Amino acid sequence: MQEFRGKTAVVTGAGSGIGRALVLAFAGEGMRVAMADLDAGALSETEGLVGAEFPSTEVLSRQCDVSQADQVNSLADAVFDRWGQVDVVCNNAGVFVGGVIWDRPDADFDFVLGANVWGILHGIRAFVPRMIAQGTEGHVVNTSSVAGLLGAPFEAPYAISKFAAYAATESLAHDLVATGSKIRASVLCPGIIATNIVDSDRHRPKELMTPVTDDQKFVTDFLSSAVAEGMPPSEVAKMVVAAIRAEEFLILTHDSYPKQLQARTEALVARRLPDVAEFA
Numbered sequence: 002m003q004e005f006r007g008k009t010a011v012v013t014g015a016g017s018g019i020g021r022a023l024v025l026a027f028a029g030e031g032m033r034v035a036m037a038d039l040d041a042g043a044l045s046e047t048e049g050l051v052g053a054e055f056p057s058t059e060v061l062s063r064q065c066d067v068s069q070a071d072q073v074n075s076l077a078d079a080v081f082d083r084w085g086q087v088d089v090v091c092n093n094a095g096v097f098v099g100g101v102i103w104d105r106p107d108a109d110f111d112f113v114l115g116a117n118v119w120g121i122l123h124g125i126r127a128f129v130p131r132m133i134a135q136g137t138e139g140h141v142v143n144t145s146s147v148a149g150l151l152g153a154p155f156e157a158p159y160a161i162s163k164f165a166a167y168a169a170t171e172s173l174a175h176d177l178v179a180t181g182s183k184i185r186a187s188v189l190c191p192g193i194i195a196t197n198i199v200d201s202d203r204h205r206p207k208e209l210m211t212p213v214t215d216d217q218k219f220v221t222d223f224l225s226s227a228v229a230e231g232m233p234p235s236e237v238a239k240m241v242v243a244a245i246r247a248e249e250f251l252i253l254t255h256d257s258y259p260k261q262l263q264a265r266t267e268a269l270v271a272r273r274l275p276d277v278a279e280f281a
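Numbering-wise, the numbering used here comes out as the position in the sequence shown, counting from 1, plus 1.
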């Protein structure tokens, strides 16, 4: 998809971080933007930034819990009712939960899989059939993580969800090609980015709250320090826009990742456990 101006983009997780940067990038390309987030206050801040920087941009803002299918379907209905067409969908909302795999209770997995996996599946189901029916070019970008490509200790719930997000996107991409659709799909696998994802518990429902363990505190403290020096989300958004134009499937944010992916593949072919990833 080469032309963005006058078309419609939908971004979940738009209240902060990469999602907010995507909203601003699409607005800068002359698109109408529908933004969704669980945090109504953060969503309002993003809308204010768009209004200040791109005052002519048409915006639709909707509070939405992507783990709930009815809310994502309602978001899709609102966008199609407003503008009649959707051209780009970024299923970007996500949360982080770390910890060793044998210690984490069901609630941790329910929380992280709800946003990171079901959020993507709900977005695909709500938007893609209608986008296909349009008969026009379009693009779906699902946010996974480099942690969905490369393994590391102390992040089992998150890694499982992000490997699944990657698999969902590759399946989607193949299905779109096999059925002759004009829609294409990309998977965004960011590394250490300056976002607030480590503070995901601010969005966790009370019934899914769990005690913080030592291993979780270790990985959270490490990531908090790392993301403070991470890549600006605006740089990631530029990569996404470029990848949509180039119809690239895999979007990697750091130059060190291709070599690590190659080493991982070689280890697996040799039937060895791949080395621990270096995410920086």
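By construction, the Cβ of each residue, glycine as well, lies at the ideal position given by its N, Cα and C atoms.
Predicted, not measured: the structure shown is a model, and the values here were computed from it.
{"Query": "For Ile-194 versus Val-237, is the C-beta spacing smaller than 8 Å?", "Result": "yes"}
{"Query": "Mind checking whether Ala-41 and Val-67 have CB atoms under 8 Å apart?", "Result": "no"}
{"Query": "Tell me which residues share the same chain as Ser-235 and place their Cβ nearer than 7 Å to its Cβ, disregarding the 5 neighbours each side in the sequence.", "Result": "Ala-22"}
{"Query": "What does the alpha-carbon distance come out to for the pair Ala-229 and Ser-17?", "Result": "15 Å"}
{"Query": "Evaluate Thr-266 with the Cβ neighbour count: other Cβ atoms within 10 Å of its Cβ, from every protein chain shown; 16 or more gives buried, anything less gives exposed.", "Result": "exposed"}
{"Query": "What does DSSP give as the partner residues of Val-60 in its beta bridges?", "Result": "Val-34"}
{"Query": "Would you call the stretch 256-275 in contact with the stretch 27-38, where contact means no fewer than 3 C-beta pairs closer than 8 Å?", "Result": "no"}
{"Query": "Near Gly-139, which residues of its chain fall below 6 Å by C-beta distance, leaving aside the five closest residues on each side in sequence?", "Result": "Asp-88, Met-132, Ile-184"}
{"Query": "Going by the DSSP bridge assignment, what does His-1 pair with across the sheet?", "Result": "The chain is shown from 2 up to 281; residue 1 falls before or after that span and cannot be answered."}
{"Query": "Going along the chain, which residues of its own chain have a beta-carbon closer than 6 Å to the beta-carbon of Gly-20, five neighbours each way excluded?", "Result": "Val-12, Gly-14, Asn-93"}
{"Query": "Out of curiosity, what's the CA-to-CA distance linking Pro-79 and Asp-71?", "Result": "Reading the sequence as shown, one finds Ala at residue 79 and not Pro. So the two alpha carbons sit approximately 12 Å from each other."}
{"Query": "Give the secondary structure of Thr-196 by DSSP, where H, G and I count as helix, E and B as strand, and everything else as coil.", "Result": "coil"}
{"Query": "Using DSSP's beta-bridge definition, name the partner residues of Ala-10.", "Result": "Val-34, Val-89"}
{"Query": "Inspect the beta-carbon positions of Ile-102 and Ala-148 and report whether they are closer than 8 Å.", "Result": "no"}
{"Query": "Ignore the nearest five residues each way along the sequence and tell me which others in Ala-169's own chain have a CB closer than 6 Å to its CB.", "Result": "Ile-121"}
{"Query": "Please name the residue in Ala-53, Glu-48, Gln-69 whose C-alpha comes closest to that of Leu-61.", "Result": "Glu-48"}
{"Query": "In chain order, what residues of the same chain lie with their CB nearer than 8 Å to the CB of Met-232, ignoring the 5 residues before and after it?", "Result": "Pro-191, Gly-192, Ile-193, Ile-194, Ala-195, Thr-254, His-255"}
{"Query": "Looking at the unbroken alpha helix (DSSP H) that takes in Ile-102, where does it start and where does it end?", "Result": "Here Ile-102 belongs to no alpha helix (DSSP H), and DSSP marks it neither H nor E."}
{"Query": "When you compare only the Cα positions, how much space is there between Gln-263 and Pro-56?", "Result": "45 Å"}
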